[in-house]
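Just add 131 to wherever you are in the sequence shown, counting from 1, and you've got my numbering.
The C-beta atom is built at its ideal place from N, Cα and C for all residues, glycine as well.
This structure is a prediction, so every number in the text was calculated from the model and none was measured.
Structure record follows, encoded as structure tokens.
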Amino acid sequence: MTNGNHSGHQDGVQIRGSIPAIITPMLEDGSLDLPAFRKLIDWHVEEGTNALVVVGTSGESATLSVEEHVLMVKTAVDHTAGRIPVIAGAGANSTAEAIELTQHAKDVGANATLQVVPYYNKPTQEGIYRHFAKIAESVDLPVILYNVPGRTVADMSNETILRCAQVPGIVGVKEATGNIDRAAHLIKSAPANFSIYSGDDPTAIALMLLGGHGNISVTANVAPRAMSELCKAALAADAKTAREIHLKLLSLHKYLFAEANPIPAKWALQQLGRVQGGIRLPLTPLDAQYHEVVRGALREAGLLG
132 MTNGNHSGHQ DGVQIRGSIP AIITPMLEDG SLDLPAFRKL IDWHVEEGTN
182 ALVVVGTSGE SATLSVEEHV LMVKTAVDHT AGRIPVIAGA GANSTAEAIE
232 LTQHAKDVGA NATLQVVPYY NKPTQEGIYR HFAKIAESVD LPVILYNVPG
282 RTVADMSNET ILRCAQVPGI VGVKEATGNI DRAAHLIKSA PANFSIYSGD
332 DPTAIALMLL GGHGNISVTA NVAPRAMSEL CKAALAADAK TAREIHLKLL
382 SLHKYLFAEA NPIPAKWALQ QLGRVQGGIR LPLTPLDAQY HEVVRGALRE
432 AGLLG
């Protein structure tokens, strides 16, 4: 497909619903645990997950080598085997590196990429726009923007997001500010074929009921069925069902951030018997003071007896 023909591609990637930003399972020594990763993917498909983000923040992208990054995306694409779409985290604070990671994602068959606002070097709004436009024009693979100023410092304004939405190949945004008023204005102004996803579990229900398209979620790592059902209800404007599920997940939304994501999510999945406890420095295993509150949140969500 040529770059000029992105609009058809755009319509083909209208991903909706629950989209876990899946963790990267590791053995106790920090090496990748691909068998556990494949089992997690099967579990997600069985539980109703609509798509997966691989090697995002939750996937510890910051501490994976480029080779590992590509391997994780390839493993996800091969193992999902078209059952659900795979969105590859391919962001970087170097535009050239982001293009390289995006090309790798395309080469191994990812359906789209998630591109974080460049972090640490604090670009201007013009720099943010040019960064994303350059990626979209360089590689013919749908781009979902990711605004998370709590991690990047630089904050992409709604105006910049809407400007990016005019670029062929930029198909959506993960809105992780947690600011619902801002998200509502974005939903109101965005083109019809531009997808707006929550990137903030506690406020995702509100964003979807206002007309957003899904939730790129941390909580869905440990409660995939509940999050899938919450998203399905919210997208169908069934506020009553969505609210019931949301209230059951409230403690998980909170305590999966007791320490930096994905520390609590990995520990929770270990309690559920799905992964071993490996995590890479500078992240450390969940401090014992939080074990009981995370366990309690799992029980409240009906995930632990």
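Coarse secondary structure for residue i, derived from DSSP in three states
i	result
P244	A small correction: the amino acid at residue 244 is Thr; Pro does not occupy that position in the sequence shown. Three-state DSSP puts T244 in a strand.
Q141	Summary for Q141: the model assigns pLDDT 39, below 50, so the residue's position carries little reliability, and this model does not support an answer.
I410	coil
V279	coil
N352	helix
I327	strand
I266	helix
N346	strand
L183	strand
G436	coil
M203	helix
A84	The question about residue 84 has no answer, for the chain in this structure spans 132 to 436.
R190	The identity of residue 190 in the sequence shown is Gly, whereas the question assumes Arg. Of the three classes helix, strand and coil, the one that applies to G190 here is coil, per DSSP.
V208	helix
S359	helix
P458	Look at the range of the chain in this structure, 132 to 436, and you will see that residue 458 is not part of it.
V441	Residue 441 lies beyond the residue range present for the chain, which begins at 132 and ends at 436; the question has no answer from this structure.
Cut-off 6 Å between Cβ atoms - residues of its own chain near residue i, not counting five sequence neighbours on either side
i	result
L232	A221
Q192	At residue 192 the sequence reads Ser, which differs from the Gln that was named. Cβ neighbours of S192 beyond the five flanking positions: V186 and G220.
T372	A364
A167	P156 and V406
I336	A365, A373 and H377
C-beta contact flag for residue i and residue j at 8 Å
i	j	result
A207	I172	yes
T334	L387	no
A152	V204	no
I301	L317	no
F263	V298	yes
L361	A432	no
S189	A428	no
Q256	L276	no
V248	I266	no
P80	I154	Residue 80 lies beyond the range of the chain shown here (132 to 436); nothing can be said about it.
V184	I311	no
G330	E306	yes
Cβ shell of residue i (< 8 Å), same chain only, five flanking positions each side left out
i	result
Y251	N224, T283 and V284
K170	R405
S162	G409
E290	Q256
D423	Looking at the sequence provided, one finds Glu at residue 423 rather than Asp. Correct list: empty, nothing qualifies.
Enclosing beta strand (DSSP E) for residue i [first to last residue]
i	result
E306	I301 to E306
A219	V217 to G220
Limits of the alpha helix (DSSP H) - the one that residue i falls within
i	result
S382	A370 to Y386
I318	I311 to S320
I230	T226 to D238
G427	H422 to E431
K170	L165 to E178
A287	Note on identity: in this sequence residue 287 is Met, with Ala being the wrong assignment. Looking at the DSSP string, M287 is not in any alpha helix (DSSP H), and its letter there is neither H nor E.
A296	Per DSSP, A296 belongs to no alpha helix (DSSP H) and is neither H nor E.
T334	D332 to L340
Presumed contact (8 Å Cβ cut-off) between residue i and residue j, rounded CB distance
i	j	result
T194	R356	The pair is not a contact, with the Cβ atoms about 29 Å apart (cut-off 8 Å).
Q402	E159	With a Cβ gap of about 15 Å, Q402 and E159 do not count as contacting.
A315	L340	With 8 Å as the limit, A315 and L340 do not qualify as a contact, their Cβ atoms being about 10 Å apart.
V239	V274	Contact flag wrong, Cβ pair sits at about 17 Å.
Residues near residue i by beta carbon distance below 7 Å, same chain, minus five either side
i	result
G148	N181, G345, S359, C362, K363 and L366
Beta carbon proximity, residue i to chain C, threshold 8 Å
i	result
A223	Of the chains in the structure shown, none is chain C; there is only one protein chain.
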